[in-house]
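The sequence shown finishes on residue 475 if you use the numbering used here, and the numbering steps up by one all the way, no holes. Idealized CB from N, CA, C, for every residue including glycine. Structure, as structure tokens:
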Amino acid sequence: MTHAVSGSVFIQWAYDSPSMTSRYMAPIFDFLEFPVLETTRLRLRQLRHEDAPALSELFSSPDVLRFLSQPPLDTHDKAIGLIDWFNGAFDKHEGIQWALTLQGEDQCIGTCGLYDWEREHHYLDIGYHLLPAYWGKGYTTEACKAMIAWSFEHMDLHRIQADCTDGNIASERVLTKCGFKLEGIWRQKYWEHGRFVDNKQFGLLRSEFEALQR
Numbered sequence: 262m263t264h265a266v267s268g269s270v271f272i273q274w275a276y277d278s279p280s281m282t283s284r285y286m287a288p289i290f291d292f293l294e295f296p297v298l299e300t301t302r303l304r305l306r307q308l309r310h311e312d313a314p315a316l317s318e319l320f321s322s323p324d325v326l327r328f329l330s331q332p333p334l335d336t337h338d339k340a341i342g343l344i345d346w347f348n349g350a351f352d353k354h355e356g357i358q359w360a361l362t363l364q365g366e367d368q369c370i371g372t373c374g375l376y377d378w379e380r381e382h383h384y385l386d387i388g389y390h391l392l393p394a395y396w397g398k399g400y401t402t403e404a405c406k407a408m409i410a411w412s413f414e415h416m417d418l419h420r421i422q423a424d425c426t427d428g429n430i431a432s433e434r435v436l437t438k439c440g441f442k443l444e445g446i447w448r449q450k451y452w453e454h455g456r457f458v459d460n461k462q463f464g465l466l467r468s469e470f471e472a473l474q475r
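In structure tokens:
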């Protein structure tokens, strides 16, 4: 079960530019109100300053940083800055970042989001991170399925894509469980922890997503 419980959409049947004509006649999200998503076990809501301790813990965890090139988010001010940056991207209509919480609780246990929305080419990227204490329970997959379903419904997409560092088996499993296909490997693309690492690119087409819903 996945549904949006808040958020505003409108029907936009055509764009100003012919190259931007809607292919799917899908509702186009207007960014007037932050969309809250609910699944059987999770509630995805907007990040708040009160989530700063959880984000500091998340992005300072060696297990999480193992596959990231960023330094630890080791101060409260840095966490507040990250939350403001995520919410600023929403205000500028550039992306959406959710806090993951358990149903009946409001404690942030991770994040997931949409970014690099290419409106002209009808695709965007997704990302996700979860506190290690909650790994192995299927929460990330559940959150991603909700996010993907909402995105195809409200953002006029032809494809959704994601990438992960080679060796991040848990992240690969999330993507394959959501229907993504491995499309290629960028060899030695990122410099992480003193070495160049390969990066795997995954993609999910609208037609593939719709086939999974039948």
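(request) With distances taken Cα to Cα, identify the nearest neighbour of His454 among His383, Asp335 and Arg327. (result) Arg327
(request) Mark Gln358 as exposed unless 16 or more other C-beta atoms lie within 10 angstroms of its C-beta, in which case mark it buried. (result) buried
(request) Would you mind sorting Gly374 into buried or exposed? The rule is 16 or more other CB atoms within 10 Å of its CB. (result) buried
(message) Buried or exposed for Ala228, going by 16 or more other Cβ atoms inside 10 Å?
(response) With the chain represented from 262 up to 475, any question about residue 228 goes unanswered, as that position is not in the structure.
(message) I'd like to know whether the C-beta atoms of His479 and Leu319 end up nearer to each other than 7 Å.
(response) Since the displayed the chain opens at 262 and closes at 475, residue 479 lies outside it and no answer follows.
(request) Determine, using beta-carbon pairs with one atom in the stretch 409-425 and one in the stretch 457-469, whether at least three such pairs fall under 8 Å. (result) yes
(request) Express the C-alpha separation of Ala410 and Asp338 in angstroms, rounding to a whole number. (result) 34 Å
(message) So, at 6 Å on beta carbons, what are the nonlocal neighbours of Asn429 in its own chain, with the 5 sequence-adjacent residues on each side left out?
(response) Phe328
(request) Have a look at Glu311 and Leu392 and give me their C-alpha separation to the nearest angstrom. (result) 16 Å
(request) Please work out which residues of its chain come closer than 8 Å, Cβ to Cβ, to His331, disregarding the five sequence neighbours upstream and downstream, and give them in chain order. (result) For the sequence presented, residue 331 should be read as Gln rather than His. Excluding positions up to five away in sequence, the list reads Phe320.
(message) Using only the alpha-carbon positions, how far apart do Gly349 and Asp386 sit?
(response) 18 Å
(request) Check His390 in the structure and name its three-state DSSP category. (result) strand
(request) Measure the CB-CB distance between Cys405 and Cys439 and report whether it falls below 7 Å. (result) yes
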